[in-house]
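Please read the structure below before turning to the comments.
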Amino acid sequence: MSQSQDECRGTPGKVAPVIDVNSCEAKGDCVRVCPYDVFQIRVLTDAERASLSWIGRIKTWAHGNKQAFVVKPEACHACNLCVAACPEDAIVLAPFKA
Ligand code: SF4
7 MSQSQDECRG
17 TPGKVAPVID
27 VNSCEAKGDC
37 VRVCPYDVFQ
47 IRVLTDAERA
57 SLSWIGRIKT
67 WAHGNKQAFV
77 VKPEACHACN
87 LCVAACPEDA
97 IVLAPFKA
């Protein structure tokens, strides 16, 4: 966690998770650990799936065409639990702009 993220810890609306769409395998650890319901697992739309790399499309096909999505970025409190929990290292925290 960077110094700026550490300064934001506990303050919602400063940072939010960003998911690497070509790495996420919808394993759901982020959904389970986030205390603020920032994530949701759902099936990708055709357009979302088309935007993935070839490897990303294969990975999502193998996992029911599902991935995690950030549905409440403004609720993120920068606790870093999702970053630590993701088995694919697919999540980083980045500055959030509403
Ligand atoms: S950093 Fe904490 S509050 Fe923010 S999305 Fe991850 S688990 Fe949720």
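Residue numbers for the sequence shown follow my numbering, beginning at 7 and rising by one. C-beta: ideal position from N, C-alpha, C; glycine also. Predicted model only: the values in this text are computed from it and were never measured.
Cβ neighbour criterion (16 or more within 10 Å) applied to residue i
i           : result
residue 62  : buried
residue 103 : exposed
residue 77  : exposed
residue 90  : exposed
residue 32  : buried
residue 74  : buried
residue 17  : exposed
Option in the options with minimal Cα separation from residue i
i          : options     : result
residue 30 : 17, 15, 49  : 49
residue 69 : 101, 55, 41 : 55
residue 42 : 80, 93, 59  : 80
Requested in this report: Tell me the start and end of each unbroken alpha helix (DSSP H) in the region 35-90 that is at least 4 residues and wholly inside, in chain order.
Outcome: 35-39, 52-56, 60-68
Query raised in the report: So does the region 17-25 actually touch the region 91-103, counting three or more Cβ pairs closer than 8 Å?
Result: yes
Query raised in the report: So which residues touch the region around ligand 1, with touch meaning a C-beta under 5 Å from any heavy atom?
Result: 23, 40, 42, 44, 82, 83, 85, 87, 88
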